[in-house]
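Chains as they are written, first to last, in full-length UniProt numbering: chain A, 1 to 455; chain B, 1 to 1038.
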């Protein structure tokens, strides 16, 4: 049992008992779907439907349905990819790094954050697949599989190949980590289940959990080991994603600052997305006592820190471009701020650098409505950051003869909607059928003394 | 055994011996089996099935008649055709008066590529985009497949019968017959026409040209008594002055002139002189873009400018027009080594031009009047008379021989005139505007299916030989004429051969056919008015005495050239020209060398005019305009053209076709109705009554390049002027350095530092050198590459989407007046800019950024320095294209072949006929893969194998790329940089280094040689030579 100083604010409010925790969390899983859940699901499925049409047409007609051209070979596809991967950073960061740092407040949010990570990585993984001209061969040619072509190997110099490894490793570890954490909770639901189907389903999902002390011990060891494994991955995934750009020769991409800058940006956007989702879940599932204002404030502080890192990175890029004395590099940055895509750049600057600074005010960072709005603004800003890096660097690179504009089509938007539909459908299914808060862990931070907190 | 009394029964039935059993006891099957029930009569189910089976088989066998195919498998190998081995035949491209001596590459009996014929003294192996593209016109689905008799597809016999009887009855009644044609270069065709005229005495031959040179012809008739164009020799000229003559793009014989011109523009360690070129023109033409000094003038000032130059030369009179005085001074200094030409079709202007050249003693040196050229023979006066006669009902029958006056002679009311003619026959190859209006169409062969000849210049003969059996039921137009003349079984081949034997005195026909060209003394061609003066000149070889009334010409000019308000200058685009080959998608999608626009014509206006009239523009989006000329108006897009003379607008001919075919119909607007008459000749300038109203509607012209300037980037374009080059051969070079501890002075060339060890090329090391000084931007290479490498055409919409597929593009940059640090200002081209053309193709980098980023190693480096693309390994991530600093990689966004969406766009890959043009040595790429220039690897392999078969190494010149071989100015040089005897090795002054590491770069010591974007260390195998302009110091721009 956790021994906590009595002067500390309780992490779970409302004087919840261990039983209350079980009741509060399992209620969602055991009860009938609520109206709001049904509506959410309907909207998600509709979005997924539109998106599926776009994906179908993309595969049927070719990449030409997008707005790309000979100069701008990547735009929304890779922007969305990096954006989703970035969002997928928060979950593992919260559960792994905060676990290592013994930040107990993570416990009420890590489950949902990890789920979000997994779904975001799935959405992200759609794009490297769908953006290929020949997905039907590319999906396995990009893997170093033994073959009969002599034997034709992949190109280990290519950052895209590094991506394949980075993303698949991250996804695998995140999934296992998340699932291991779910097992005791599945067991709780199994034990409480009244109908046969749930009993069987959760029985399978809980892998025969018996709640023995030995089992708990193993569980904790595995969680710690996986946390240790996942921690470097949090840093490595976005580092490697940033190599897609950093190792190239295109001005605006060819930048050594990218790895730390991308990781900070990823945490920034990931936390924003966690906030967006948690604020809704908290309200709908009445979990205010578990996800408290304190949580929100702590996450907002992370957002200020990472947002400021990102801001400094933006300024550093400009400084280095000037300091390098390389004309093309300088022009790339002048063009970002003042060229045809100035609006994208300034949207990015406003959303990512200026707006998070509002969280310096305590009453803003503890205001739920303000947090919700800013969390969405941050994610808009982070989408534009990737758009700015990818499109404005490409559209005016070395030879002015090739300079071009990129105009998105319905299908660019449609495939993005597809991932939104996929993400929210998956997340809603998760919220309904899986315990959204880690009951087992939260129970460990319930005040167990006789001093019942009235807060 | 005898004790054994046991009895065995077959069954209870035997034991009991009941009668029913005994009855069947001897039978094998005791029960009834209905096997032979019907033996001997009736029919069973089985028989029915048998009969039916046989019946069906018999009926179906009878139904399928064994198809008779004319194709004979190559098991019975024809002589001369080896599958996989191309054959080359010498032939001649003629289209009206356009001429080019060519070699036709055929594979398995199909012509697939056109190369220049190096044996020709005229074109010297050069080609143009139109020539290169003509092979696709052969496989045009829109061609007529059979003769048309009164609007319906018919038979040749019926057509001939009808035509002969009608011609006969016209002749019997003494009705007038005319043969209308464009310039005919063929002496034999003219003989056929003479035969025809002999049979029908009322027949006359009227010649006109879509773009007339009547002015020159008339002026020369007056000056020298000879109605012909002289032979120009730009290569001998030190000073060239052109008044609106686009001699590198569209004027008279651009391939020939480009070749000559380029000789004066090439410089090197041993030749530090070049010609100086002045251009006075309204629209910015390819030629104007190459000029050292260019003055934009209004069409109404064109005559005056010529007069001003004349007066400056003869009288030293000062002129208001910029550079006239400077040109005059230099012309006078370069007497006998200068050349003044004018594109004007006004005989008065041309007469003054003749006077200038005469005053400069250019006749006999740069102008050869004793070897007249027959490129343009059209007589505007006669044609006008023909239309007037027809309108008055004085013409009874007309044969339109390979011409389309309903489309391209709209200045007069030709359509109205046609309705008065009772018999109209056309030999058009397609149901074009004239053919549709004709009663009979006797479709002619494509020139690649024909026999024929040409005499482009006096004594210079050229043969046309068929390279494929006629694809359709077409007939050579000459044979049609012979048939109608009364020859029962016309055989034009024998007719031609006889003519050559008899008239040209060709004894070795085989040799002439092999060479494609033959030099003789010259038979009397079209020039009916061969005067004594010519013969004298031919003997003496010197200038013919010039006789012309210059003062009356000057008076006429002063009287006629009065512009009021906006003026319209009509011009031809390098690709589409006069519109004859408009249905050729390669040409439609060929970016115009100057505007970089495709698929449209447009009103070119100056930036100043656009700003004053509220024209809004961004990335090719621009307002449309309503152009009204003398009451006729059209709506068309606007294009802001730097260098456009103030007060003028320009519009290209050749568009707005109605009946050219699905590719061309409705593209752009038809400008022929705006052609006017001036001083008795057709004029392509409208000096008054031109109004332009800017409409609010926006239109996007499909441009392959939307950014106009090179933003002052020295790593892209390196240029200087001749005087500085003479002092320092490194003039204009941009040599960025990087500080390092590795060298003694602390600095090394940017790009010298590398992560990579480099490549060792033990055998060949292919390289290319591109001379920016000789490249005129003509784009022959772009089309040659398209033809050689099966490059798809993507259509207007996809060009707007910036997805053109050309492997080789020509970047065109304008200069800007803005200072180097004003990025916004640098985006704006100068009002009258300097222009640079830069062919841009895969640079075959030794440290290729594309190669490292491909996840599946689909693009790799060869052992001979090529950056090679493996299409079937490509998964289409496009990372390579993003990471290419030169942006030369092309992605297959869609399936461009066998796709209904591209049916009328990419005809070479979407119908069976069009597909015949595809090069079988080059894969047609599938959707979703990346492609790019391969350095024509198929040609390299072919030449290597040929050499290997003969047990030797390939010699220099044997391996060449399509672009290099098509170039009329030899701006592109391709060769093995390992071969010390190769031209490229010598020209680039390569020194071999024996460094163990970092062997990627050949040490190039030619001072003008540079690599584009050298500082990023890609180490390309393509080297550019700096652009040097022949300008004086004070005139240079930033």
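Positions of the beta carbon are idealized from the N, C-alpha and C atoms, including for glycine.
Using DSSP's beta-bridge definition, name the partner residues of residue i.
{"i": "residue 454/B", "result": "462/B"}
{"i": "residue 694/B", "result": "625/B"}
Mind checking whether residue i and residue j have CB atoms under 8 Å apart?
{"i": "residue 1120/B", "j": "residue 1018/B", "result": "Past the boundaries of the shown model lies residue 1120/B; chain B is included only from 1 to 1038, so the question cannot be answered."}
{"i": "residue 384/A", "j": "residue 351/A", "result": "yes"}
{"i": "residue 231/A", "j": "residue 124/A", "result": "no"}
{"i": "residue 249/A", "j": "residue 83/B", "result": "no"}
{"i": "residue 253/B", "j": "residue 264/B", "result": "no"}
{"i": "residue 417/B", "j": "residue 387/B", "result": "yes"}
{"i": "residue 129/B", "j": "residue 606/B", "result": "no"}
{"i": "residue 857/B", "j": "residue 155/A", "result": "yes"}
{"i": "residue 177/B", "j": "residue 208/B", "result": "no"}
{"i": "residue 274/A", "j": "residue 113/A", "result": "yes"}
Output the distance between the C-alpha atoms of residue i and residue j, rounded to the nearest integer angstrom.
{"i": "residue 158/B", "j": "residue 912/B", "result": "29 Å"}
{"i": "residue 265/A", "j": "residue 427/A", "result": "23 Å"}
{"i": "residue 610/B", "j": "residue 627/B", "result": "14 Å"}
{"i": "residue 685/B", "j": "residue 644/B", "result": "14 Å"}
{"i": "residue 229/A", "j": "residue 163/A", "result": "18 Å"}
{"i": "residue 567/B", "j": "residue 653/B", "result": "16 Å"}
{"i": "residue 68/A", "j": "residue 404/A", "result": "10 Å"}
{"i": "residue 240/B", "j": "residue 590/B", "result": "28 Å"}
{"i": "residue 704/B", "j": "residue 175/A", "result": "48 Å"}
{"i": "residue 536/B", "j": "residue 351/B", "result": "Confidence is the limiting factor: at residue 536/B the pLDDT is only 40, short of 50, which leaves the residue's position unreliable and the question unanswerable from this model."}
{"i": "residue 158/A", "j": "residue 246/A", "result": "12 Å"}
Can you pull the chain B neighbours of residue i, defined as C-beta to C-beta under 8 Å?
{"i": "residue 178/A", "result": "None at all; the shortest Cβ gap to chain B is about 28 Å."}
{"i": "residue 255/A", "result": "Simply none; closest approach about 14 Å."}
With 8 Å as the threshold, decide whether the Cβ of residue i is near any Cβ in chain A.
{"i": "residue 790/B", "result": "no"}
{"i": "residue 565/B", "result": "no"}
{"i": "residue 840/B", "result": "yes"}
{"i": "residue 885/B", "result": "yes"}
{"i": "residue 998/B", "result": "Unreliable placement is indicated for residue 998/B, whose pLDDT of 49 sits below 50; no coordinate value is reported for it."}
{"i": "residue 162/B", "result": "no"}
{"i": "residue 1007/B", "result": "no"}
{"i": "residue 539/B", "result": "In this prediction, residue 539/B scores a pLDDT of 40, lower than 50, which makes its location untrustworthy; the coordinate-derived value is nonetheless stated afterwards. So no, residue 539/B is outside the interface."}
{"i": "residue 226/B", "result": "no"}
{"i": "residue 891/B", "result": "yes"}
Comparing the C-beta of residue i with each C-beta of chain B, is any distance below 8 Å?
{"i": "residue 144/A", "result": "no"}
{"i": "residue 95/A", "result": "no"}
{"i": "residue 404/A", "result": "yes"}
{"i": "residue 80/A", "result": "no"}
{"i": "residue 44/A", "result": "no"}
Chain A partners of residue i, CB-CB under 9 Å?
{"i": "residue 927/B", "result": "61, 62, 63, 64, 133, 134"}
Going along chain A in order, which residues have a C-beta closer than 7 Å to the C-beta of residue i?
{"i": "residue 785/B", "result": "Near residue 785/B there are no residues of chain A at all, since even the closest Cβ is about 16 Å away, more than 7 Å."}
{"i": "residue 823/B", "result": "331, 334"}
{"i": "residue 619/B", "result": "405"}
Note down, in chain order, every chain B residue with its Cβ under 7 Å from the Cβ of residue i.
{"i": "residue 158/A", "result": "852, 853, 854, 855"}
Mind listing the chain A neighbours of residue i? Cutoff is C-beta to C-beta under 8 Å, in chain order.
{"i": "residue 711/B", "result": "331, 400"}
{"i": "residue 1039/B", "result": "Residue numbering for chain B in the displayed model covers 1 to 1038; residue 1039/B lies beyond these limits and cannot be assessed."}
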